[in-house]
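Written out below as structure tokens is the structure these notes cover.
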Amino acid sequence: MINPSSEAVRYPDLFQDIEARWQARWRDADIYRAEESSSRPKYYVLDMFPYPSGSGLHIGHCKNYVPGDVVARLMSMRGRNVLHPMGWDAFGQPAEQDAIKKKVNPRNVVPMLAAEYKRQMSLLGIGYDWNREINSTDPEYYRWNQWAFLLLYERGLAYRKNAPVNWDPVDMVVLSNDEVVDGRGWRSGALVEKRDMAQWFFRTTAYGDKLIAGLDNIDWPEGVKTQQRDWIGKSEGCEFELVVDRGDSATVRVFTTRVDTVYGMSFVVLSPEHSLVEQVVTNEQRAEVLAYRERAGKLSEQDRTAEGRERTGVFTGAYAINPVNGHRVPVWIADYVLAGYGTGAIMAVPAHDERDFDFARRYGLPTPVVVVETEADVQNPPSGSDLTVAFISKEGYAVNSDAFSGLPVKVAARRITELLVSKGIGEAKTNFRLRDWLVSRQRYWGTPIPIIHCKACG
22 MINPSSEAVR YPDLFQDIEA RWQARWRDAD IYRAEESSSR PKYYVLDMFP YPSGSGLHIG
82 HCKNYVPGDV VARLMSMRGR NVLHPMGWDA FGQPAEQDAI KKKVNPRNVV PMLAAEYKRQ
142 MSLLGIGYDW NREINSTDPE YYRWNQWAFL LLYERGLAYR KNAPVNWDPV DMVVLSNDEV
202 VDGRGWRSGA LVEKRDMAQW FFRTTAYGDK LIAGLDNIDW PEGVKTQQRD WIGKSEGCEF
262 ELVVDRGDSA TVRVFTTRVD TVYGMSFVVL SPEHSLVEQV VTNEQRAEVL AYRERAGKLS
322 EQDRTAEGRE RTGVFTGAYA INPVNGHRVP VWIADYVLAG YGTGAIMAVP AHDERDFDFA
382 RRYGLPTPVV VVETEADVQN PPSGSDLTVA FISKEGYAVN SDAFSGLPVK VAARRITELL
442 VSKGIGEAKT NFRLRDWLVS RQRYWGTPIP IIHCKACG
């Protein structure tokens, strides 16, 4: 039995001595360097680069990086030429907020934090090839981000436009939808505001068809593929223009996958953030509309479109003209319509859409029937006031639709699209639920977007 008072129980000190000696030997021998000229099979292990902020590593970092080290060592013992690099994701909000808290420039803080993280990772004995260490704030690194950005820009895949964003008034930064929790910023806890700001986007929707087609070539569970297809959300339909009846040239464009139901449009809905709202709202409705828009801005998109949620809205006081029959239909705003999808405006056909039906019943709006199930129903279609639920079907026959009545809905859709195109106010169009990727943030500490804005030369 070991005597507790003996020198043999100095295990912690002994381990530290042994670790320091062997880690120094491994470092001097550079045993984790990936050999570029090796004939051994290559194997790449990449861990997520940490954000160097705070006081250093915590136990969560160990949980994240030790398994990667285990895999790298296993593959090395199996004879692979392992590349296991490490670097610092040092741009962005965590480093910036840490610098603000310490009242220093992040350019001066990040190198010290990265050095401390590296020291602590070395103490853990993780086998990184430090010869390949990178730092995302190094101009020699982010120049390649800028090169890629300009390549996308030259090919029309990077563009700038005004868009509604989630604004954190405390951190003074744009947040993604995932960074908004219960209407508050994930870091500051401040109530998030909706603002319209100039933003840079990557045109990911240009790859919608390729993304869908590519799902056929991967060995994934069919349920996961279905989720991906739904997330991409390809919709083929018609986009057309309605004149707002207010004595000027104001127009609103709507996208629909069911243009065959256009004769059943009984109101138009704009997203609360739509740029047309300020232009068309009447003085009598202005206060109510602006108050509703402020409330909607505090909700996430997930909350606004949640299944089973009661649909609410406010009448703007304006009317639009249905281009196929000349009917005046009221223009509303409602939070279930999102600015970032389609045109940010919809034609509402309550007799044939569940959300529109619930909305129409709540606010006493008409529900004209324009599609019936069978050809026999064409001569005696039901009254909209008799409906208890919306009639939704991809098949059926058009009714109450002038010259298009009696046609199968797919034929009616094609011919109505042709009519709108001939009038110069419509076009066949494909939309995606997939959004273009917003890549800019209103913060100091980030990769500079390599575009110069000059008042003199553009």
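According to this note's numbering, the sequence shown holds residues 22 to 479 in order. Backbone N, C-alpha and C define an ideal beta-carbon position, used for all residues, glycine too.
Any idea which residues DSSP pairs residue i with across the strands?
| i | result |
| --- | --- |
| ASP217 | PRO185 |
| VAL280 | Per DSSP, none; premise fails for VAL280. |
| VAL352 | VAL289 |
| CYS259 | THR277 and ALA449 |
| TYR357 | DSSP output for TYR357 lists no bridge partner at all. |
| ALA369 | PHE288 |
| TRP109 | ASN156 |
| THR391 | It should be noted that the sequence gives Val, not Thr, for residue 391. None, per the DSSP bridge assignment. |
| LEU212 | ARG205 |
| VAL265 | ALA341 |
The beta strand (DSSP E) spanning residue i covers which residue range?
| i | result |
| --- | --- |
| ALA449 | 447-453 |
| GLU200 | Where GLU200 is concerned, there is no enclosing beta strand (DSSP E), given that its DSSP letter is neither H nor E. |
| GLY244 | Careful: GLY244 lies outside any beta strand (DSSP E), inside the alpha helix (DSSP H) at 243-253. |
| LYS415 | Looking at the DSSP string, LYS415 is not in any beta strand (DSSP E), and its letter there is neither H nor E. |
| TYR149 | Unbroken run through TYR149: none, as it is neither H nor E. |
| VAL493 | This structure leaves residue 493 out entirely; the chain is present only between 22 and 479. |
If I measure Cβ to Cβ from residue i and keep anything under 7 Å in the same chain, skipping five residues before and after, which residues do I get?
| i | result |
| --- | --- |
| ALA360 | PRO185, SER292, GLU294 and HIS295 |
| ILE233 | ARG250, ILE253 and LYS255 |
| GLY338 | VAL302, THR303, GLU305 and GLN306 |
| ASP199 | none |
| TRP221 | ALA179, ARG181, VAL460, SER461 and ILE470 |
| TYR53 | HIS105, GLY148, TYR149 and ASP150 |
| VAL103 | ALA55, TYR64, VAL66, ALA93, MET96 and SER97 |
| GLU396 | TYR418 |
| ASP457 | PHE222, PHE223, ARG224, THR225 and THR226 |
From which residue to which residue does the alpha helix (DSSP H) around residue i run?
| i | result |
| --- | --- |
| LYS15 | The first residue shown for the chain is 22 and the last is 479, placing residue 15 beyond what the model contains. |
| LEU95 | 80-98 |
| PHE336 | Looking at the DSSP string, PHE336 is not in any alpha helix (DSSP H); the run it does join, the beta strand (DSSP E), is 334-342. |
| LYS231 | 229-235 |
| LYS63 | Here LYS63 belongs to no alpha helix (DSSP H); instead the beta strand (DSSP E) covers 63-65. |
| VAL310 | 307-317 |
| VAL298 | 298-301 |
Once the 5 residues before and after residue i are set aside, which same chain residues still bring their CB inside 8 Å of it?
| i | result |
| --- | --- |
| ARG436 | PHE425 and LEU428 |
| VAL392 | ASP281, THR282, GLY285, ALA372, HIS373, PHE412, SER414, GLY417, TYR418, ALA419, VAL420 and VAL430 |
| LEU144 | GLU40 and GLN44 |
| ARG383 | GLU331, ARG332 and THR333 |
| LYS444 | PRO344 |
With 16 as the cutoff for other CB atoms within 10 Å, does residue i come out buried or exposed?
| i | result |
| --- | --- |
| ALA111 | buried |
| GLU279 | For the record, residue 279 in the displayed sequence is Arg; it is not Glu. The residue is buried, with at least 16 neighbouring Cβ atoms inside 10 Å. |
| GLN114 | buried |
| ILE239 | exposed |
| THR272 | exposed |
| MET193 | exposed |
| TYR210 | Checking the sequence shown, residue 210 turns out to be Gly, not Tyr. Its Cβ having fewer than 16 others within 10 Å, GLY210 is exposed. |
| LEU263 | buried |
| ASN452 | buried |
| SER422 | buried |
Spatial neighbours of residue i within its chain, please: CB distance less than 6 Å, with the 5 preceding and 5 following residues excluded, ordered by chain position.
| i | result |
| --- | --- |
| ALA434 | VAL280 and ASP281 |
| GLN300 | ALA271 |
| ALA369 | PHE288, VAL290 and ASP377 |
| LYS450 | GLU260 |
Can you find a CB in chain B that lies within less than 9 Å of the CB of residue i?
| i | result |
| --- | --- |
| ALA111 | Here chain B cannot be found, since the structure has a single protein chain. |
Exercise for review: Spell out a yes or no on whether the segment 65-76 and the segment 130-146 are touching, meaning 3 or more CB-CB pairs, one atom from each, closer than 8 Å.
Suggested key: Yes, the segment 65-76 is in contact with the segment 130-146.
Original post:
Is the segment 136-143 touching the segment 75-89 in the sense that three or more CB pairs, one from each, lie closer than 8 Å?
Top reply: A contact exists between the segment 75-89 and the segment 136-143.
Contact between the segment 235-249 and the segment 330-349: three or more CB pairs below 8 Å?
Taking 8 Å as the limit for Cβ pairs, the verdict is that the segment 330-349 does not touch the segment 235-249.
With contact counted as at least three CB pairs below 8 Å, one residue from each stretch, are the segment 115-124 and the segment 81-90 in contact? Taking 8 Å as the limit for Cβ pairs, the verdict is that the segment 81-90 does not touch the segment 115-124.
Pairing CB atoms from the segment 58-65 with CB atoms from the segment 149-169, are three or more of them under 8 Å? By the Cβ rule, the segment 58-65 does not count as touching the segment 149-169, because fewer than three pairs are nearer than 8 Å.
(Q) Does the structure place the segment 342-357 close enough to the segment 436-453 that three or more beta carbon pairs sit under 8 Å? (A) The segment 436-453 vs the segment 342-357: in contact.
- Query: Is the segment 312-319 touching the segment 254-272 in the sense that three or more CB pairs, one from each, lie closer than 8 Å?
  - Reply: When Cβ pairs closer than 8 Å are counted between the two stretches, the segment 254-272 is seen not to touch the segment 312-319, the count staying below three.
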